[in-house]
Ligand SMILES: [Zn+2]
């Protein structure tokens, strides 16, 4: 995999060069809504290499603790991702897999259009079933079953359910925090997009 030097990606003024013309009237690019990058002073380190928006950090850890008390090993695989990392995930993997932008966008958001840049979205896994990490098979795990029963109480919801109108592939592992007014506002368009069928 070719890793673009970080200095170059950070200095690039337009992470969407060549893609901007494909935005739809509601601001979406290849199905994904635009999201601002949370400022660094709003981020809290919740585990080594894992940062979350300060509003979501404690609810996330509380949800993990409650799952543990129920005997479920809920893991947080990914949280906040900055623009440079999202750019690598989108373009480098796209190149490696020889995918078109539209193909890549079914499974990964273009930089500037990822819920992860808000610090409010997380990829969750089951510690007892690591082979299902970031795979559809995560939906067969005890962790997913637990989330379906309890995530609402912690204000987490599945961003890309099966058959979502955004046209983004089903992602049983990707959950976003909607337990603050700011989060509700940020995700309003996405919530409508997912629910109206
Ligand atoms: Zn995700």
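Residue numbers (the working numbering): 111 to 307. C-beta: ideal position from N, C-alpha, C; glycine also.
Check: Burial state of residue 273, where buried means 16 or more other Cβ atoms lie within 10 Å; Outcome: exposed
Check: Assigned exposure category for residue 288 - 16 Cβ within 10 Å defines buried; Outcome: buried
Check: Three-state class that DSSP yields for residue 227 in the structure shown; Outcome: helix
Check: 8 Å Cβ shell around residue 172 - same chain, five flanking residues per side excluded; Outcome: 264
Check: Whole runs of the alpha helix (DSSP H) within the segment 235 to 296, excluding any shorter than 4 residues; Outcome: 252 to 260 and 291 to 296
Check: Test item: CB-CB of residue 277 and residue 141 under 8 Å; Outcome: yes
Check: Endpoints, beta strand (DSSP E) assigned at residue 217; Outcome: Per DSSP, residue 217 belongs to no beta strand (DSSP E) and is neither H nor E.
Check: Three-pair Cβ contact test at 8 Å for the segment 246 to 260 versus the segment 172 to 182; Outcome: yes
Check: Residue 212 burial status per 10 Å Cβ neighbour count (16 or more: buried); Outcome: exposed
Check: Cβ-heavy atom distance, residue 179 to ligand 1, below 7 Å; Outcome: no
Check: For residue 183, the three-state DSSP class (helix, strand or coil); Outcome: coil
Check: beta-carbon residue 233 near ligand 1 non-hydrogen atom, thresh 7 Å; Outcome: yes
Check: The segment 208 to 227 / the segment 158 to 170 touching (three or more Cβ pairs under 8 Å); Outcome: no
Check: Identity of the residues DSSP links to residue 155 by a beta bridge; Outcome: 161
Check: Buried or exposed by the 16-neighbour rule on C-beta atoms within 10 Å, applied to residue 236; Outcome: buried
Check: Cβ-Cβ distance between residue 293 and residue 234 below 8 Å; Outcome: no
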